[in-house]
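There are 2 protein chains.
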Amino acid sequence: MASADTNDRKSMTELEACVLALIALEGPCTAYSIRKQFEESLTSTWHASTGSIYPLIRRMTERGLLDRHAVASDGRGSNELSVTPAGKKAAQAWLKAVPEWIGEPAADPIRTRLNFVRLLAPGERVPVIEEMMDATRASLRRVERSMDQLKAEGRDVDALAVSGAAYELRARLAWLKEVRTYYA
Amino acid sequence: MASADTNDRKSMTELEACVLALIALEGPCTAYSIRKQFEESLTSTWHASTGSIYPLIRRMTERGLLDRHAVASDGRGSNELSVTPAGKKAAQAWLKAVPEWIGEPAADPIRTRLNFVRLLAPGERVPVIEEMMDATRASLRRVERSMDQLKAEGRDVDALAVSGAAYELRARLAWLKEVRTYYA
DNA sequence: GGCTCCATGTAAGGAGTTACATGATTCA
DNA sequence: TGAATCATGTAACTCCTTACATGGAGCC
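Chains as they are written, first to last, in my numbering: chain A, 7 to 190; chain B, 7 to 190.
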């Protein structure tokens, strides 16, 4: 049947797929620049620390998904990374194969915590909820600022992608407001 | 200065805190029942597989946060777990110490993927987006069903907690609709 | 000459996953 | 008596994190 070797490589982690897709989309770039982009990302989930990114790139190169070319003019040993045809295919396959679990609510540490808010003394609950609202509002401001900037740069597609986070944060705020009313 | 020993234990992971808070809230229960609760939870983030839950409980017991009592009447070696006073304090401290990052948008694999949707051929984008919408709708139905059931059981507090997920999913759908329009 | 950024990497360790292993209880 | 469920655990492995280590490039 199908060759278990070329096709059937064990599926990628989210981080691997994410890095691969990023390189596929943004063209040749260094590991360092990828790391920076993750660092500046609004969701801190993706840290892409050195200890994860360099081994990851080695793995992907060994699997034939990435190519690396030393930048001749740079004495620092810079490597430009680009996707191989197989790498591009893999990134597209990752996008097209929508897993069933993907529709699930995202893991939100605020929701997790609020499941247990009754552990606090009655008077302590509302202040905690309000701290969470403040943190969410601060985050929302950052997201909106980032959207404005992207729009100003004419990067409407990226602004639209980021707006997903804004939708989420506004929904969270609406919910927290309801929860606060309940515990007030 | 402050005793580094009693107070200063390295902060808990989300899973540890979650298990601790769960035991604190739901009273004595077995590791098995905790595992079941996580399995049935609507967010599959928390698997709490045997390989994580049992070592975790041992760690927490060693740290003096949990107590375990063998259930005498059970020949299966069942252990009832309960929180120690220190454990309850730790759970409350976890809830009260709202970290700055908590306001950030949650890591949503759908948002992650949609950042890269331009990697697909133009005709492939909308179908993928619609699959994601379907998956989200299915999830929303499950969440709403679960809320109805909780309300029917008079567990309004729990229903309110779950409704946070409904808010998030509806926001995601609204955003996906906008994205679909853009790519249509 | 020294500071900051660019750039790549390793080492030790933690936490979680899957798969395996074992055995009691309950119910048809 | 056999199957499903209750119940606890270990072993091997993967990935990620933090902290460390190294050195060139650009600028004042």
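Even for Gly, the Cβ is constructed at its ideal location relative to N, Cα and C. Keep in mind the model is a prediction, meaning the values are calculated, not measured.
Query, Result
"Pair within 7 angstroms by beta-carbon distance, A:V168 and A:S152", "yes"
"Any 3 or more C-beta pairs closer than 8 angstroms across the segment 104 to 114 of chain A and the segment 100 to 117 of chain B", "yes"
"Buried versus exposed call for A:W201 [16 or more other C-beta atoms within 10 Å across all chains shown]", "Residue 201 of chain A is absent from the model: chain A starts at 7 and stops at 190."
"Segment contact, 8 angstroms Cβ cut-off, at least three pairs: the segment 21 to 37 of chain A with the segment 90 to 104 of chain A", "yes"
"Test item: CB-CB of A:Y189 and A:R131 under 7 angstroms", "yes"
"Distance CB(A:L21)-CB(A:V149) smaller than 7 angstroms", "no"
"7 angstroms Cβ cutoff, A:V25 in contact with chain B", "no"
"A:I135 beta carbon less than 7 angstroms from that of A:R186", "yes"
"Contact list for B:P115 against chain A, beta-carbon separation under 8 angstroms", "E20, I108 and A112"
"Closer than 7 angstroms to chain A by CB, B:A167", "yes"
"Distance CB(A:L87)-CB(A:R69) smaller than 7 angstroms", "no"
"Proximity of B:A37 and B:I59 at Cβ, strictly below 7 angstroms", "yes"
"Close beta carbons around B:D11, own chain, < 6 angstroms, minus the five adjacent residues each side", "Here the model assigns B:D11 a pLDDT of 34, short of 50, so the residue's position is not dependable and the matter cannot be decided."
"Any C-beta of chain A under 7 angstroms from that of B:M66", "no"
"Residue span of the beta strand (DSSP E) that contains A:D73, given as start and end", "L72 to A76"
"Ordered list of alpha helix (DSSP H) runs contained in the segment 33 to 89 of chain A, each at least 4 residues", "37 to 46 and 56 to 68"
"Alpha helix (DSSP H) segment containing B:L182, residue limits", "D162 to Y189"
"Helix, strand or coil at A:A97 [DSSP, three-state]", "helix"
"Cβ shell of A:K94 (< 7 angstroms), same chain only, five flanking positions each side left out", "A30"
"Under 9 angstroms by beta carbon: chain B residues contacting A:T90", "Correct list: empty, because the minimum Cβ distance to chain B is about 14 angstroms."
"Alpha carbon of A:R41 to alpha carbon of A:L62, nearest angstrom", "12 angstroms"
"A:T118: first and last residue of the uninterrupted alpha helix (DSSP H) it sits in", "P115 to L120"
"Contacts of A:T36 in chain B (Cβ-Cβ under 9 angstroms)", "What A:T36 touches in chain B: nothing, since even the nearest Cβ is about 19 angstroms away."
"B:Q43 at chain A interface by Cβ criterion, 7 angstroms", "no"
"Local Cβ density within 10 Å of A:W107, reported as buried at 16 or more and exposed below that", "exposed"
"Rounded C-alpha distance that separates B:Y173 from A:W181", "7 angstroms"
"Neighbouring residues, chain A, relative to B:Q98 (Cβ below 7 angstroms)", "L125 and L126"
"Buried/exposed call for B:T142, threshold 16 Cβ in 10 Å", "buried"
"Local Cβ density within 10 Å of B:R64, reported as buried at 16 or more and exposed below that", "exposed"
"Proximity test, Cβ basis, 7 angstroms: A:N13 and chain B", "Reliability fails at A:N13, whose pLDDT of 36 lies under 50, so the model's placement of it is uncertain and no value is given."
"Euclidean distance between Cα positions of B:G83 and B:A96", "28 angstroms"
"Neighbour flag for B:S47 against chain A, beta carbons, 7 angstroms", "no"
"C-alpha distance - B:A165 paired with B:R176, whole-angstrom precision", "16 angstroms"
"Exposure label - A:A76; buried when at least 16 CB within 10 Å", "exposed"
"B:P128 versus A:V123: straight-line alpha-carbon distance, rounded", "46 angstroms"
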